[in-house]
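Remarks on the structure that follows.
Residue numbers (this note's numbering): 3 to 913.
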């Protein structure tokens, strides 16, 4: 069970001296709350009501700068978070609390989450009037508030007011009704910014009387003797906050004496980590690489000796008319390639044969394209199980790898250790590449002491040190769907669409959309990989196409067709040689099982799925329903992690990095085995100048971040960018959303499971809407801020990427909006992205950033993924067709939208 009292925070050692002291005997308080400040601890309404602000009892708003006092690495100072999740014997540590753990790694407070401020009594309910609550940006100049000695602009300390909604609410587990003020940003706050919170006596209690300043707050802003010298820093901070609040109110023409409480909090980073990882020059121009992508690919993948490398690089440079020397390029790349920047990676595709590629019609009725499965070696910054990395020396054919069992292991101890490493997938998080910048400095002749100054201050990957350590390469399967029929590949290669699937899905679920894109005359190829912790399952069967009909009738695993497309045995030989086991369907069950097992551990989920608790991994066993003590195998079941919030954040960040690396590699993928014209890549299979993106659900949540980061980090648009990144020319984002924790809580599909787990007495034992529950939600949001699309709106606008965002009205997976959380769902994401609504027949410019609302009756969350032909639902295949035709027109550069009057696209509301 998780500790429930999430708000009993040890704010700072300096506050400890208040404990047990009577600080309510402050003179000259004719209207000061003298009651015990313990919100919700009784039914009686106090004579006067005040905001709760009592460091003595650690009763403070969750987000205060007290928690940044004494930080050495820019993260919150919260020692209770430094507890291991598991004990040495592998059992759960009863002292571990995921909220405390996440807080100790936060580099500031949330830009999206909601602030809760308890009061000592009941308040007048409803939304608060103007002048009650202020959230004000403070000006610390270009250096900002996170430097060792931040300097506020004393002449003009106030920036703009944040856009907020302030209202009185009740905690579901409190004894007092309407005793909490909730401050909800209606636009994301600025990152790495200090904000001043000011509450005034315009807030009234349930009887209509003005609220007052709490006695403890007034004691701290006063000049009475301190009860302990250790309180001096606390007093200094509170006095500064109060003076700032008075100054602000005076600047607004309001009464400075109306302040009832004031404090500051500092927001964390948002886009910095992914932007710096995408192009280190975004962090420091001196880290920008100028090595062309074609040379990065050659140097990353070649096994040539030094002399051959020099000659090859020289020849490519000469052919490009470059004045750089081979030595300069090779040396520069050797230095800068130590940074975790996306680059063309090693990829491999099977040789073409009579059975490779596979006709898509084998798994999809009426298809004319073909598909092939290759691999790409992706840098993995998250943690994988032992044996899952390309070069870790462990053979996954051995019993002792992480999916071994006591029944099959030859060495029980080795098996136990390997199995325990599977937990890396749910407890791991990104760690800094601590000395990567220091080593670069040393390699360029810097003094050791000076170089040490740029070493990572801790293991936390934050905006203060945004470079993560690569743990190894993970060989990832790549689906390529190639146009067929009358389509002809041009000399520049196929135009290509990167596809990203939804939560609990896999790359093969893109096949229907890919087939439509591949059809003549448009002839787009598609490339897709699985998102982290996702992939095919043994229980995924072929239900369409040749292999979905008689005599197979849904009994052939989809992995068998994927195995064939990767160069493995054909699923069927068509009866050419009866009686011989020369196809998958003719193999004995044991051999079929070996093939499927090999495919299973090759997926991005590493052959793991969530166990019955939903929190820990277990080996995939091919069980479609789950059995006693087990859970059904499910792709993505370990992606959203409430055991370790940082894992969810880093699954998102890993997914973005995967797409960036895939984007950099696509122009060098050789799917036909002709060598692409040699190291200079003069005969590519894919056109680097015509790369597009389409995603659905989680694929769009990740995709919005990917496209925003990619297109603001690519050269020449960004001179300090990454030359390996190819601009995404246009994108379609279907049913994304932001404000992820509240989005998930309010999802009709996922919400009941998540809330049930949080309320389970054997798990978190929380009450939805209670104080500890809302604290968990806030900390979760603060943790994922750097991987939440809600914080990438500015980058998306800056990228000037043409896109269409699709919303399905009434979506039951990703809610359109959340009444009690203004920055959760699809609608607020649209607002943050500043997209313009279009309707059927609208004139859409080639560069426009627009959104479409699909009719509730004629759409669903999956409308862009597959045609809905279920007679029991009102939606029809027409919705899919309208969206596909729009996507193709968007990619063609002449976007059109027309539902033929069917009412599929909602009209723009009249102004």
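Glycine included, every Cβ here is placed at the ideal spot set by N, Cα and C.
Segment limits, alpha helix (DSSP H) that includes residue i
i	result
residue 253	234-253
residue 440	438-445
residue 103	100-105
residue 606	Residue 606 -> no alpha helix (DSSP H), and no H or E assigned at all.
residue 892	879-894
residue 774	773-786
residue 479	Looking at the DSSP string, residue 479 is not in any alpha helix (DSSP H); the run it does join, the beta strand (DSSP E), is 474-484.
residue 915	Nothing can be reported for residue 915: it is not among the residues displayed for the chain, which extend from 3 to 913.
residue 744	742-747
residue 366	From DSSP, residue 366 is part of no alpha helix (DSSP H); its letter is neither H nor E.
residue 815	First-last for residue 815: undefined, no H or E at that position.
Cβ neighbour criterion (16 or more within 10 Å) applied to residue i
i	result
residue 606	buried
residue 269	buried
residue 650	buried
residue 155	exposed
residue 584	exposed
residue 620	buried
residue 908	buried
residue 2	Limits of the chain in this structure are 3 at one end and 913 at the other, which puts residue 2 out of reach.
residue 652	buried
residue 910	exposed
residue 446	exposed
residue 174	exposed
residue 190	buried
residue 747	buried
Contact set for residue i: own chain, Cβ-Cβ below 6 Å, skip 5 residues either direction
i	result
residue 913	none
residue 281	715, 723, 724
residue 350	376, 377
residue 893	694, 732
residue 589	583
residue 482	374, 529, 673
residue 264	200, 243, 244, 247
Segment limits, beta strand (DSSP E) that includes residue i
i	result
residue 185	182-187
residue 691	688-698
residue 431	Looking at the DSSP string, residue 431 is not in any beta strand (DSSP E), and its letter there is neither H nor E.
residue 851	851-856
residue 316	Note, residue 316: premise wrong, no beta strand (DSSP E); alpha helix (DSSP H) at 308-321.
residue 731	730-736
residue 651	From DSSP, residue 651 is part of no beta strand (DSSP E) but of the alpha helix (DSSP H) over 647-667.
residue 379	372-382
residue 292	Looking at the DSSP string, residue 292 is not in any beta strand (DSSP E), and its letter there is neither H nor E.
residue 514	Element bounds for residue 514: not the beta strand (DSSP E) but the alpha helix (DSSP H), 513-520.
residue 120	117-120
residue 756	Per DSSP, residue 756 belongs to no beta strand (DSSP E); it is in the alpha helix (DSSP H), 753-761.
residue 927	Residue numbering for the chain in the displayed model covers 3 to 913; residue 927 lies beyond these limits and cannot be assessed.
residue 166	166-171
Cutoff 7 Å; reference residue i; Cβ partners in own chain excluding five residues on either side
i	result
residue 20	Its pLDDT being 30, under 50, residue 20 is placed unreliably by the model, and the measurement read from it follows with that caveat. So the qualifying residues of the chain are 57, 58, 233.
residue 406	417, 420, 421
residue 848	804, 895, 896, 897
Integer-rounded CB distance, given that residue j should sit under 8 Å from residue i
i	j	result
residue 770	residue 757	5 Å
residue 533	residue 700	6 Å
residue 166	residue 187	6 Å
residue 506	residue 697	The Cβ separation is near 15 Å, so there is no contact.
residue 54	residue 47	That belief does not hold up - the Cβ atoms of residue 54 and residue 47 are roughly 15 Å apart, past 8 Å.
residue 184	residue 169	6 Å
residue 726	residue 295	4 Å
residue 766	residue 425	About 19 Å; that fails the 8 Å criterion.
Residues near residue i in its chain [Cβ-Cβ closer than 8 Å; skip 5 each side]
i	result
residue 241	222, 223
Note to self: Would the segment 373-386 count as touching the segment 556-572 if we require 3 or more Cβ pairs under 8 Å?
What the structure shows: yes
Check: Are the segment 657-672 and the segment 441-452 touching by the rule of at least three beta carbon pairs closer than 8 Å?
Finding: no
Margin query: I want to know whether the segment 520-540 touches the segment 477-492 - three or more CB-CB distances under 8 Å.
Written below: yes
Check: Is the segment 97-107 in contact with the segment 69-79, if contact means three or more CB pairs nearer than 8 Å?
Finding: yes
Notebook entry, point to check: Taking three-plus beta-carbon pairs below 8 Å as touching, is the segment 352-367 in contact with the segment 322-335?
Noted result: no
Notebook entry, point to check: At a cut of 8 Å, does the segment 660-671 reach the segment 458-474 through at least three beta carbon pairs?
Noted result: no
Check: Just checking, does the segment 137-155 make contact with the segment 294-309 on the three C-beta pairs under 8 Å criterion?
Finding: no
Check: Between the segment 282-291 and the segment 335-343, do three or more beta carbon pairs fall short of 8 Å?
Finding: yes
Notebook entry, point to check: Is there contact between the segment 827-844 and the segment 128-143, where contact requires at least three CB pairs shorter than 8 Å?
Noted result: no
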